[in-house]
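Chains as they are written, first to last, in the working numbering: chain A, 1 to 251; chain B, 1 to 251. Everything below concerns the one structure shown next.
2 protein chains.
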Amino acid sequence: MTTSVFSLPVDPEAQLWPLWRRAEHSILAAIEAGRVGAGDQLPPEHQLADELGTHRHTVRRAVETLVGRGVLEIRRGRGTYVARGPISYRIGRQSRFTQNMAAAGCRTGVRILRSATVPADAETARWLQIDTGAPMVTLALLRTGDDVPIVVARHSMPVDRFADFAERFAEIRSITRTFASYNVVGYTRKATRISARLPTPQEAGDLAISASAPVLVWVSVNVDTDGRPINLDASTFAASRVDIVFDNEEQ
Amino acid sequence: MTTSVFSLPVDPEAQLWPLWRRAEHSILAAIEAGRVGAGDQLPPEHQLADELGTHRHTVRRAVETLVGRGVLEIRRGRGTYVARGPISYRIGRQSRFTQNMAAAGCRTGVRILRSATVPADAETARWLQIDTGAPMVTLALLRTGDDVPIVVARHSMPVDRFADFAERFAEIRSITRTFASYNVVGYTRKATRISARLPTPQEAGDLAISASAPVLVWVSVNVDTDGRPINLDASTFAASRVDIVFDNEEQ
DNA sequence: CGTTATTTGTTCGTATGTATC
DNA sequence: TGATACATACGAACAAATAAC
Numbered sequence: 001m002t003t004s005v006f007s008l009p010v011d012p013e014a015q016l017w018p019l020w021r022r023a024e025h026s027i028l029a030a031i032e033a034g035r036v037g038a039g040d041q042l043p044p045e046h047q048l049a050d051e052l053g054t055h056r057h058t059v060r061r062a063v064e065t066l067v068g069r070g071v072l073e074i075r076r077g078r079g080t081y082v083a084r085g086p087i088s089y090r091i092g093r094q095s096r097f098t099q100n101m102a103a104a105g106c107r108t109g110v111r112i113l114r115s116a117t118v119p120a121d122a123e124t125a126r127w128l129q130i131d132t133g134a135p136m137v138t139l140a141l142l143r144t145g146d147d148v149p150i151v152v153a154r155h156s157m158p159v160d161r162f163a164d165f166a167e168r169f170a171e172i173r174s175i176t177r178t179f180a181s182y183n184v185v186g187y188t189r190k191a192t193r194i195s196a197r198l199p200t201p202q203e204a205g206d207l208a209i210s211a212s213a214p215v216l217v218w219v220s221v222n223v224d225t226d227g228r229p230i231n232l233d234a235s236t237f238a239a240s241r242v243d244i245v246f247d248n249e250e251q
Numbered sequence: 001m002t003t004s005v006f007s008l009p010v011d012p013e014a015q016l017w018p019l020w021r022r023a024e025h026s027i028l029a030a031i032e033a034g035r036v037g038a039g040d041q042l043p044p045e046h047q048l049a050d051e052l053g054t055h056r057h058t059v060r061r062a063v064e065t066l067v068g069r070g071v072l073e074i075r076r077g078r079g080t081y082v083a084r085g086p087i088s089y090r091i092g093r094q095s096r097f098t099q100n101m102a103a104a105g106c107r108t109g110v111r112i113l114r115s116a117t118v119p120a121d122a123e124t125a126r127w128l129q130i131d132t133g134a135p136m137v138t139l140a141l142l143r144t145g146d147d148v149p150i151v152v153a154r155h156s157m158p159v160d161r162f163a164d165f166a167e168r169f170a171e172i173r174s175i176t177r178t179f180a181s182y183n184v185v186g187y188t189r190k191a192t193r194i195s196a197r198l199p200t201p202q203e204a205g206d207l208a209i210s211a212s213a214p215v216l217v218w219v220s221v222n223v224d225t226d227g228r229p230i231n232l233d234a235s236t237f238a239a240s241r242v243d244i245v246f247d248n249e250e251q
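Written as structure tokens, this is what we have:
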């Protein structure tokens, strides 16, 4: 007699949940019991459906939810895998991306996705203390850790102070040092807004995450030492790949 | 001739996206163009499917994603509605839930979901600086704004200092004042960890959100004025209903 | 370099369950 | 109670990405 790795719960209480929730629970139980380990490949969907005595769509719903919970990871055409945990992304008042990833032992990369000069919408203008419609330099960056996309950062700066910011950044490849090239040194984060949602199609594509994997959205205003806003940073993190840690003591 | 409120994009570039993404885009476009406003009810799924010339399942996928993006809201048996925006939840070093919601003009409510004394797991013990397995008082609270569930807060406290915390809270109905009853006044938040994911079945039930609507998870350690950890607060927010704002200046 | 098998992704079909009014 | 609207579940077929040959 063989003991199956995946099987639906049989206790009558579980019958209250829909089938796809019970399938979700079965897969999670197999992982938590160590019957499948981090990085392991799951059986293909049709086989999982057979083992659980249910339909492939039901399994897909369960798997999709576990992807969104950060438990599984799907690679199309290859298979479904048990996810490795997120990287802790430590935030003080001045800490920046590269230091963080280095601390986690990750090789960082950055790529310019898009760059343009556009008129400021009302809300951005308010944060940057410029006029609505005033031109802004915008720069969308994809930052990676060990070649895995981590965050899309969209930076907006007033064009009057930072006209050729994008060109300089393309050369310098560091936000902090590009600001330094304008003699802006030691800027700090003022207000920060954090929210979470499912990704837009573009975000899902940029971050290479599935449509059901949430993003963590981080919008912060940076001010120079005179307190003047220099930049609005709207960053969208692949939530399953990071953990944001504020350490109030180290600020 | 009638102009339809919902219609699939026809430009050839759009053909690259799957049908459900195009349907998602159509619904979003109708909202952004003001053809349907905040709080309005959408046509039923079968009718939307007809208008978009596609299958009901395709529409459901689109709607589900927009629910996760905070754009729509589903009320089972009643209909699908355009969501109203999130409440801004302002966080300083000491600010607490009730003040925040009052500032947003919301009537707050709190209900005890679960309460128990349990042994500390390794990680919680480390945060609270107690021994692994040492007993903790745990208290799960559901906080509401205008009767809408906002957050499930799970508090853990060492039992040796706060033995009858749950009973006192049931009477006092305020975390701050319950701590004050132990002569713990003016405690502050030390480290905070923020992440986002899809809800567990229990969280989805507690918060009355759909399985595809992300939660924002907030874990913080509070310390008394001597720097001793008094409590671990693991709070799960319905992401579509709040925005968390850190104001570094007001801390 | 194409071909094929494997695996996940999309789409439509059909039926039934369940909450709300 | 009946009508309406969302939720679950199984079925069938094909598309698209990947890997192995």
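Even glycine gets a Cβ: it sits at the ideal position worked out from N, Cα and C. Given the structure is predicted, the values throughout are model-derived calculations rather than measurements.
| said: Taking the beta carbon of residue 44(B) as the centre, do at least 16 other beta carbons fall within 10 Å, making it buried, or is it exposed? | reply: For the purposes of this step, residue 44(B) is taken as the residue at position 44 of the second sequence. It is exposed - the Cβ of residue 44(B) has fewer than 16 other Cβ atoms within 10 Å.
| field | residue 99(B), DSSP secondary structure in three states | value | Along the second sequence, one-based indexing puts residue 99(B) at 99. Secondary structure of residue 99(B) (DSSP, three-state): helix.
| said: Using a Cβ-Cβ distance cut-off of 7 Å, determine whether residue 68(A) contacts chain B. | reply: Residue 68(A) sits at position 68 when you count from the first residue of the first sequence. With 7 Å as the cut-off, residue 68(A) counts as an interface residue toward chain B.
| said: Output needed for residue 73(B): all residues of its chain with C-beta closer than 6 Å, excluding positions within five of it in sequence on either side, in chain order. | reply: On the second sequence, position 73 is the one that residue 73(B) refers to. The answer, listed in chain order, is 81 and 83.
| said: Starting from residue 218(A), trace the alpha helix (DSSP H) in both directions and tell me its first and last residue. | reply: For the purposes of this step, residue 218(A) is identified with residue 218 of the first sequence, where counting begins at 1. Annotation for residue 218(A): no alpha helix (DSSP H) segment contains it, though the beta strand (DSSP E) segment containing it runs 215–223.
| Can residue 24(B) and residue 212(B) be called in contact, C-beta distance under 7 Å? | In the second sequence, the residue the question calls residue 24(B) occupies position 24. In the second sequence, the residue the question calls residue 212(B) occupies position 212. No, the Cβ-Cβ distance between residue 24(B) and residue 212(B) is not below 7 Å.
| query | What's the call for residue 103(B), buried or exposed, on a 16-neighbour Cβ count within 10 Å? | reply | As a first step, residue 103(B) is located in the second sequence; it is residue number 103 there, counting from the start. Residue 103(B) comes out exposed.
| message | Quick check: residue 115(B) and residue 136(B), are their CB atoms within less than 7 Å of each other? | response | Stepping through the second sequence from its first residue, residue 115(B) is reached at position 115. Stepping through the second sequence from its first residue, residue 136(B) is reached at position 136. Contact: no.
| Burial state of residue 117(B) (16 or more Cβ within 10 Å) | As a first step, residue 117(B) is located in the second sequence; it is residue number 117 there, counting from the start. A residue is called buried when at least 16 other Cβ atoms come within 10 angstroms of its Cβ; residue 117(B) does not meet this threshold and is exposed.
| request: Look at the alpha carbon of residue 18(B) and the alpha carbon of residue 191(B), and state the distance between them as a whole number of angstroms. | output: Your numbering for residue 18(B) matches position 18 in the second sequence. Your numbering for residue 191(B) matches position 191 in the second sequence. Each residue's alpha carbon lies about 43 Å from the other.
| Coil, strand or helix - residue 207(A) by DSSP | For this step, residue 207(A) is matched to residue 207 along the first sequence. Residue 207(A) falls in the helix class under three-state DSSP.
| Cα-Cα separation, residue 198(A) to residue 182(B) | The count along the first sequence starts at 1 and reaches residue 198(A) at position 198. The count along the second sequence starts at 1 and reaches residue 182(B) at position 182. About 42 Å.
| query | Run through DSSP, which three-state label would residue 129(A) get? | reply | Stepping through the first sequence from its first residue, residue 129(A) is reached at position 129. DSSP places residue 129(A) in coil when its eight states are reduced to three.
| task | Would you identify the three-state DSSP class for residue 37(A), choosing helix, strand or coil? | result | Within the first sequence, residue 37(A) is the residue found at index 37, counting from 1. Three-state DSSP puts residue 37(A) in coil, outside helix and strand.
| task | State the start and end residues of the unbroken alpha helix (DSSP H) segment that holds residue 26(A). | result | Counting from 1 along the first sequence, the entry for residue 26(A) is found at position 26. Looking at the DSSP string, the run of the alpha helix (DSSP H) that includes residue 26(A) is 19–32.
| Counting only beta-carbon atoms, is residue 261(B) nearer than 7 Å to chain A? | Given a span of 1 to 251 for chain B in the structure shown, any question on residue 261(B) remains unanswerable.
| If you draw a straight line from the alpha carbon of residue 85(B) to that of residue 77(B), how long is it in whole angstroms? | Looking up residue 85(B) in the second sequence gives position 85. Looking up residue 77(B) in the second sequence gives position 77. If you take the alpha carbons of residue 85(B) and residue 77(B), they lie about 23 Å apart.
| Between 16(B), 159(B), 218(B) and 163(B), which lies nearest to residue 131(B) when the distance is taken from Cα to Cα? | Position 131 of the second sequence holds residue 131(B). When each option's Cα is compared against that of residue 131(B), the closest is 159(B).
| request: Indicate the three-state DSSP secondary structure (helix, strand or coil) for residue 68(A) in the structure shown. | output: The count along the first sequence starts at 1 and reaches residue 68(A) at position 68. Helix, per DSSP.
| field | 8 Å contact criterion, which residue 20(B) and residue 62(B) should meet: CB distance rounded | value | Position 20 of the second sequence, counting from 1, holds the residue named residue 20(B). Position 62 of the second sequence, counting from 1, holds the residue named residue 62(B). Contact annotation, residue 20(B) with residue 62(B): C-beta distance approximately 5 Å; criterion of less than 8 Å satisfied.
| Reduced DSSP secondary structure (H/G/I, E/B, other) of residue 162(A) | The count along the first sequence starts at 1 and reaches residue 162(A) at position 162. Residue state, collapsed to three classes: coil.
| Contact list for the region 234–248 of chain B against chain A, Cβ threshold 9 Å | Of all residues in the region 234–248 of chain B, the ones placed with a Cβ closer than 9 Å to any Cβ belonging to chain A are 237, 239, 240, 242, 243, 244, 245, 246, 247 and 248, in chain order.
| field | Per-residue burial, residue 214(A) [other beta carbons within 10 Å of its own, 16 or more giving buried] | value | Against the first sequence, residue 214(A) aligns to sequence position 214. Residue 214(A) is buried by the Cβ-count criterion.
| field | Beta carbon proximity, residue 30(A) to chain B, threshold 7 Å | value | One-based indexing of the first sequence puts residue 30(A) at position 30. It does not; no Cβ of chain B falls within 7 Å.
| said: Which residues does DSSP list as the beta-bridge partners of residue 155(A)? | reply: In the first sequence, counting from the first residue as 1, residue 155(A) sits at position 155. 139(A) and 233(A).
| task | Could you give the DSSP three-state label for residue 195(A): helix, strand or coil? | result | Locating residue 195(A) in the first sequence gives position 195, counting from the first residue. For residue 195(A), the secondary structure class from DSSP, reduced to helix, strand or coil, is strand.
| task | Please report how far the alpha carbon of residue 233(A) lies from the alpha carbon of residue 119(A), in whole angstroms. | result | As a first step, residue 233(A) must be located in the first sequence, where it is residue number 233. As a first step, residue 119(A) must be located in the first sequence, where it is residue number 119. Roughly 16 Å separates the two Cα atoms.
| query | Along the chain, where does the alpha helix (DSSP H) that runs through residue 177(B) open and close? | reply | By one-based count along the second sequence, residue 177(B) stands at place 177. It spans 175–180 - the alpha helix (DSSP H) in which residue 177(B) sits, taken as one unbroken run.
| message | Let's test the definition: count the other Cβ atoms within 10 Å of the Cβ of residue 225(B) and tell me whether it reaches 16, buried, or not, exposed. | response | For this step, residue 225(B) is matched to residue 225 along the second sequence. With fewer than 16 other Cβ atoms within 10 Å, it is exposed.
| query | Is residue 195(A) close to chain B, meaning its C-beta is less than 7 Å from at least one C-beta of that chain? | reply | As a position in the first sequence, residue 195(A) is number 195, starting the count at 1. Chain B, which has a Cβ nearer than 7 Å to the Cβ of residue 195(A), makes this yes.
| message | Tell me the residue span of the beta strand (DSSP E) that contains residue 243(B). | response | Locating residue 243(B) in the second sequence gives position 243, where the first residue counts as 1. From DSSP, the beta strand (DSSP E) with residue 243(B) extends over 242–247.
| task | Could you tell me the distance, in whole angstroms, from the CA atom of residue 32(B) to the CA atom of residue 38(B)? | result | Here residue 32(B) is taken as the residue at index 32 of the second sequence, counted from 1. Here residue 38(B) is taken as the residue at index 38 of the second sequence, counted from 1. CA-CA distance, residue 32(B) to residue 38(B), rounds to 10 Å.
| request: Using alpha carbons as the reference points, say which of 147(A), 106(A), 128(A) and 239(A) lies closest to residue 210(A). | output: Stepping through the first sequence from its first residue, residue 210(A) is reached at position 210. Residue 210(A) has its Cα closest to that of 239(A), out of 147(A), 106(A), 128(A) and 239(A).
| said: Please list, in chain order, the chain A residues whose beta carbon lies closer than 8 Å to that of residue 214(B). | reply: Start at 1 with the first residue of the second sequence, and residue 214(B) comes out as number 214. The answer, in chain order, is 68, 196, 197, 198, 214 and 239.
| Hey, how far is the Cα of residue 200(A) from the Cα of residue 178(B)? | Start at 1 with the first residue of the first sequence, and residue 200(A) comes out as number 200. Start at 1 with the first residue of the second sequence, and residue 178(B) comes out as number 178. So the alpha carbons of these two residues sit roughly 43 Å apart.
| query | From 246(A), 188(A) and 193(A), pick the residue whose C-alpha is nearest to that of residue 242(B); which is it? | reply | Against the second sequence, residue 242(B) aligns to sequence position 242. With distances taken between Cα atoms, residue 242(B) lies closest to 193(A).
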